[in-house]
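See below for the structure under consideration.
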Amino acid sequence: MDRKIYEQMAKLDADHWWFAARRRILAELIERVARPPDDARILELGCGTGHNLAMLGRFGTVDASELDDTARAIASERLGKPVMAAALPDVSMFAAGSYDLVALLDVLEHVPDDAASLKSIIGLLKPGGSLLLTVPINPWMWSAHDVAHHHHRRYRQREIETLARAAGFTIDLISPFNTLLYPPIAAVRLLGKLTGKESSDDAMPGAGVNRLLDTIFGLEKDLIGRVPMPFGVSLVAVLRRPLA
200 MDRKIYEQMA KLDADHWWFA ARRRILAELI ERVARPPDDA RILELGCGTG
250 HNLAMLGRFG TVDASELDDT ARAIASERLG KPVMAAALPD VSMFAAGSYD
300 LVALLDVLEH VPDDAASLKS IIGLLKPGGS LLLTVPINPW MWSAHDVAHH
350 HHRRYRQREI ETLARAAGFT IDLISPFNTL LYPPIAAVRL LGKLTGKESS
400 DDAMPGAGVN RLLDTIFGLE KDLIGRVPMP FGVSLVAVLR RPLA
């Protein structure tokens, strides 16, 4: 991503509604669906500025990778140890079969070879270990936001299912999310297409709006995996390496 995107991310990620509510949702899914063991070994690939590292650290010992130099420096400071540089599908700097949980959070869409990346990630997991994956969905929503963030694609759910099974994963959970806010977000994206908007949409909203959006998005924490989510802006999956 552009350097200015990382700098903006580091300023906003503690309080911006999307980051804050998403962390609560992901923590709930780790606890309820992935269920790593106590003191799990955890790896986040493509951790950006490290805004998920503290949340992941609640479940065990965390290692991380990030390709961008600026983001990696910020993440290393947050993690309290060096974050490695890794360009998927190359994960050779990490020991095979050593992690209980790998997090790949809005990263796969940045990678040219997504199939090879998932195949390399399954090799990092212990038998029975899980991959927590999020990606943007709905190719029709492609916008200036995707361009600014250097996305290669937006996915369809069936594409992730096919990629996951081809890599050898079983699927514990796969669901759209950011569902409750889908109508206004979709409307904004459609309006941007009609008006030729060329800027990203990462700015912090006003405090009241930010709290409202945080509350609405955060309601999905107890819904995903329990209530069918028919559509959404993103997709979340918990994929597991089989025991045998």
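Using our numbering, the first residue of the sequence shown is number 200, and each one after it goes up by one. Backbone N, C-alpha and C define an ideal beta-carbon position, used for all residues, glycine too. Small disclaimer: the values here were computed from a predicted structure and weren't measured.
Check, Outcome
"The region 368-382 contacting the region 339-351, beta-carbon criterion three pairs below 8 Å", "no"
"Beta-carbon spacing of tyrosine 381, phenylalanine 430 below 8 Å", "yes"
"Expected contact under 8 Å - CB spacing of leucine 244 and tyrosine 298 to nearest Å", "Contact doesn't hold; Cβ gap of about 10 Å is too wide."
"Three-way DSSP call (helix, strand, coil) for arginine 439 in this model", "strand"
"Presumed contact (8 Å Cβ cut-off) between arginine 240 and glycine 417, rounded CB distance", "About 28 Å; that fails the 8 Å criterion."
"Opening and closing residue of the alpha helix (DSSP H) in which isoleucine 229 lies", "Counting along the chain, isoleucine 229 falls outside any alpha helix (DSSP H), and DSSP gives it neither H nor E."
"Sufficient close CB pairs (3 or more, under 8 Å) joining the region 268-275 to the region 245-254", "yes"
"Expected contact under 8 Å - CB spacing of valine 334 and leucine 300 to nearest Å", "Actually they do not touch by this definition, with Cβ atoms about 17 Å apart."
"Beta-carbon gap between leucine 332 and leucine 438 smaller than 8 Å", "yes"
"Rounded straight-line distance, which links the Cα of glycine 279 to that of alanine 285", "18 Å"
"Outcome for threonine 378 when other beta-carbon atoms lying within 10 angstroms are tallied against a minimum of 16", "buried"
"Other residues of its chain near alanine 294: CB distance less than 6 Å, five sequence neighbours each side excluded", "none"
"Beta-carbon proximity list for glutamine 356, same chain, < 8 Å, skipping 5 on both sides", "Ile336, Ile373, Pro375, Leu434"
"Given valine 408 as reference, the closest of Asp237, Pro235, Asp214 once Cα atoms are compared", "Asp214"
"Best match in Met340, Ile423, Leu442, Gly322 for proximity to leucine 393 [C-alpha to C-alpha]", "Met340"
"Host beta strand (DSSP E) of tyrosine 298 (start-end)", "298-304"
"C-beta atoms of tyrosine 235 and serine 319 nearer than 8 Å", "Reading off the sequence, residue 235 comes out as proline, not tyrosine. Result no, Cβ atoms of proline 235 and serine 319 do not sit closer than 8 Å."
"Counterpart residues of phenylalanine 376 in DSSP-defined beta bridges", "Ser433"
"Three-state class that DSSP yields for lysine 420 in the structure shown", "helix"
"Residue from Glu230, Asp268, Gln207, Leu390 with nearest C-alpha to methionine 254", "Glu230"
"Distance between aspartate 345 and glycine 259 (C-alpha atoms, nearest Å)", "32 Å"
"Same chain only: Cβ atoms within 7 Å of aspartate 413, ignoring 5 sequence neighbours per side", "Trp216, Ala219, Ala220"
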